[in-house]
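Peer 1: Residue numbers (the numbering used here): 175 to 505.
One structure follows; several queries about it will come next.
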Ligand code: TRP
C-alpha cells in the first residue's frame with residue numbers, strides 16, 4: 175500500500191441477503207473512495223458465526239458477498255479485499271483488546287441488547303464480544319477512517335475509546351480512527367411498511383425490505399405496497415410523513431439529486447406516479463448490479479485468487495500491529 179494515502183476500513187457480514195439499505199448506506203460508496211484512500215474491505219465471516227450457519231450456504235454467501243463487492247465497483251487492483259477469518263491476527267488482537275475493555279462498556283451496546291432479545295436462546299459470548307472483534311478489525315490496520323452505516327456508530331465509538339486507552343497506557347501504538355458516515359440521510363433507509371424502524375435484513379416481514387437480488391416484479395410490488403399517508407403532498411418530513419420521506423431518501427440517494435430539488439420536482443406528482451419513479455430508480459441500479467453480480471459469481475477461480483492475494487496483503491499489515499503490541503505488552 176502506498177504511504178501517501180490514508181487508510182479506510184469497512185466491512186460487512188456475509189449474510190447472503192444484503193439489502194438496498196446496505197447498498198445505499200455503505201457498499202455504493204466504496205467504489206468512489208478507492209482513489210482517495212487506501213481502502214481495505216473485509217468480509218466479516220467471524221462476526222457472522224455469532225448466529226448458527228449452515229456450512230455450505232455460508233461458504234456460498236462469502237463468495238457471493240465478494241461478487242457483490244466487485245459488482246458494486248470495488249476494484250481488487252486498487253483495494254484490499256479479504257475474508258476476516260483468513261487473517262488470524264484479527265483473533266490475536268481481539269484477545270488483547272478483550273483485556274482492555276470493560277464489561278460495563280459492552281453491556282451498554284444497543285445492538286447486543288436488540289440481538290439478545292431477538293434470539294434469547296443463543297446469547298453467546300461471541301455476540302457480547304462482537305464490538306471488540308470489530309475494534310480489532312479496525313485497529314489492526316491502523317485505519318484512519320472507518321466507513322459505516324448509522325447502526326454501527328456506537329461500535330466504532332467503542333473502538334476509538336479502546337484505541338485511546340491503548341495509546342494512553344503504552345504510547346502511540348494504534349491510530350484512533352475517524353468515523354465516516356457517507357450520506358447522513360441516505361444511510362438510514364427505513365422499513366417500507368413501517369418507516370419508523372430501520373430496513374433490516376432480519377425483519378420477519380419481507381415486504382419491509384428490498385433485497386439487492388430481488389427481481390423486477392418483486393421490487394414493483396414492494397414499492398407499490400409501501401406505506402405513505404393520505405395527504406397526497408410530496409415533501410420531506412420524517413415525523414409526520416415517514417413513508418414519503420423514506421421514498422424521497424431512496425430516490426435521492428440513488429439518483430444523486432438533493433431532497434429539496436426533488437420536492438420542487440414532485441409538487442404536482444401523485445403518490446402513484448411518485449412510487450413508479452422510485453421503483454424505476456431502484457430497478458435502474460439493481461438490474462445492472464445483478465447482471466454484474468452473476469457475471470462474477472460464476473468466476474470461481476478469479477474470486478478465490480482475489481481473496482488469496484487480499485489475505486496475504488492484509489496479513490502483512492496486520493502483523494506489524496500485532497508485533498508492536500506484543501512488544502509493548504512484553505509478550
Ligand atoms: N458489524 C458490521 C455490520 O454488521 C460489519 C463489520 C465487521 C465492520 N467489522 C467491522 C464494520 C469493522 C466496520 C468496521 O455491518
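Yeah, the Cβ is synthetic: ideal placement off N, Cα and C, and Gly gets one too.
On the three-pair Cβ rule with 8 Å, is the segment 226-243 touching the segment 344-351?
Peer 2: no
Peer 1: Does the distance between the C-beta of residue 322 and the nearest non-hydrogen atom of the ligand TRP fall short of 7 Å?
Peer 2: yes
Peer 1: Give the straight-line distance between the Cα atoms of residue 259 and residue 385, rounded to the nearest whole angstrom.
Peer 2: One C-alpha to the other measures close to 26 Å.
Peer 1: Output needed for residue 207: all residues of its chain with C-beta closer than 8 Å, excluding positions within five of it in sequence on either side, in chain order.
Peer 2: Excluding residues within five positions, the ones whose Cβ falls inside 8 Å are 182, 213 and 321.
Peer 1: Say yes only if the C-beta of residue 227 is nearer than 7 Å to one or more non-hydrogen atoms of the ligand TRP, and no if none qualify.
Peer 2: Because no heavy atom of the ligand TRP lies under 7 Å away, the Cβ of residue 227 does not count as near it: no.
Peer 1: Would you check if there are 3 or more beta carbon pairs closer than 8 Å linking the segment 190-205 to the segment 242-262?
Peer 2: These segments touch.
Peer 1: Go ahead and pull the three-state DSSP assignment for residue 297.
Peer 2: coil
Peer 1: If you reduce the DSSP assignment to three classes, tell me which class residue 408 lands in.
Peer 2: Under the three-state reduction of DSSP, residue 408 is assigned to coil, being neither helix nor strand.
Peer 1: Taking the CB atoms as reference points, tell me whether residue 200 and residue 186 lie closer together than 8 Å.
Peer 2: The Cβ atoms of residue 200 and residue 186 lie closer than 8 Å to each other.
Peer 1: With DSSP collapsed to three states, give me the class of residue 365.
Peer 2: coil
Peer 1: Tell me whether residue 311, by its Cβ, gets closer than 7 Å to a heavy atom of the ligand TRP.
Peer 2: Under cutoff, so the answer is yes.
Peer 1: Apart from the five residues just before and just after residue 418, which ones in its own chain have a Cβ nearer than 7 Å to its Cβ?
Peer 2: Cβ neighbours of residue 418 beyond the five flanking positions: 402, 403 and 408.
Peer 1: Along the chain, where does the beta strand (DSSP E) that runs through residue 265 open and close?
Peer 2: Where residue 265 is concerned, there is no enclosing beta strand (DSSP E), although the alpha helix (DSSP H) it sits in stretches over 263-272.
Peer 1: Enumerate in chain order the residues of its own chain whose CB-to-CB distance from residue 463 is below 6 Å, with the five nearest sequence positions on each side excluded.
Peer 2: 245
Peer 1: When every heavy atom of the ligand TRP is checked, does at least one fall within less than 7 Å of the C-beta of residue 203?
Peer 2: No - the ligand TRP has no heavy atom lying nearer than 7 Å to the Cβ of residue 203.
Peer 1: Can you name, in chain order, every residue of its own chain whose Cβ lies under 7 Å from the Cβ of residue 339, other than the five neighbours on each side?
Peer 2: 274
Peer 1: At a threshold of 7 Å, does residue 262 count as lining the ligand TRP (C-beta to nearest heavy atom)?
Peer 2: No, since every heavy atom of the ligand TRP falls outside the 7 Å radius drawn around the Cβ of residue 262.
Peer 1: Let me know the beta strand (DSSP E) ranges lying completely inside the segment 408-448, each 3 residues or longer, listed in chain order.
Peer 2: none
Peer 1: Smallest Cα separation from residue 420: which of 373, 196 and 180?
Peer 2: 373
Peer 1: Following a CB-centred definition, is residue 183 positioned closer than 7 Å to any heavy atom of the ligand TRP?
Peer 2: yes
Peer 1: To the nearest angstrom, how far is the alpha carbon of residue 287 from that of residue 281?
Peer 2: 8 Å
Peer 1: DSSP three-state label for residue 308, please.
Peer 2: The answer is helix: DSSP assigns residue 308 an H, G or I state.
Peer 1: So, is residue 497 buried or exposed, given that buried needs 16 or more other C-beta atoms within 10 angstroms?
Peer 2: exposed
Peer 1: Kindly give me the distance between the Cβ atoms of residue 400 and residue 450, rounded to whole angstroms, as I take these residues to be in contact under 8 Å.
Peer 2: The pair is not a contact, with the Cβ atoms about 12 Å apart (cut-off 8 Å).
Peer 1: Would you kindly report the start and end of the unbroken beta strand (DSSP E) that includes residue 212?
Peer 2: Its beta strand (DSSP E) spans residues 212-217.
Peer 1: Going by DSSP, what residues sit across from residue 321 in a beta bridge?
Peer 2: 354
Peer 1: Can you tell me the Cβ-Cβ gap for residue 306 and residue 271, rounded? I've got them flagged as a contact below 8 Å.
Peer 2: The C-beta separation of residue 306 from residue 271 comes to about 5 Å, placing the pair in contact by the 8 Å criterion.
Peer 1: If you draw a straight line from the alpha carbon of residue 290 to that of residue 222, how long is it in whole angstroms?
Peer 2: 15 Å
Peer 1: Does the beta carbon of residue 283 fall short of 7 Å from some heavy atom of the ligand TRP?
Peer 2: no
Peer 1: Quick check: the Cα distance between residue 458 and residue 446, rounded to an integer number of angstroms?
Peer 2: 19 Å
Peer 1: Cα-Cα, which of 314, 242, 369 and 436 is closest to residue 500?
Peer 2: 314
Peer 1: For residue 311, which residues of its own chain have a beta-carbon under 8 Å away from its beta-carbon, when the five flanking residues on both sides are left out?
Peer 2: So the qualifying residues of the chain are 183, 185, 216, 218, 258 and 264.
Peer 1: Report back the beta-carbon spacing between residue 294 and residue 364 to the nearest angstrom; my notes put them in contact at under 8 Å.
Peer 2: With 8 Å as the limit, residue 294 and residue 364 do not qualify as a contact, their Cβ atoms being about 26 Å apart.
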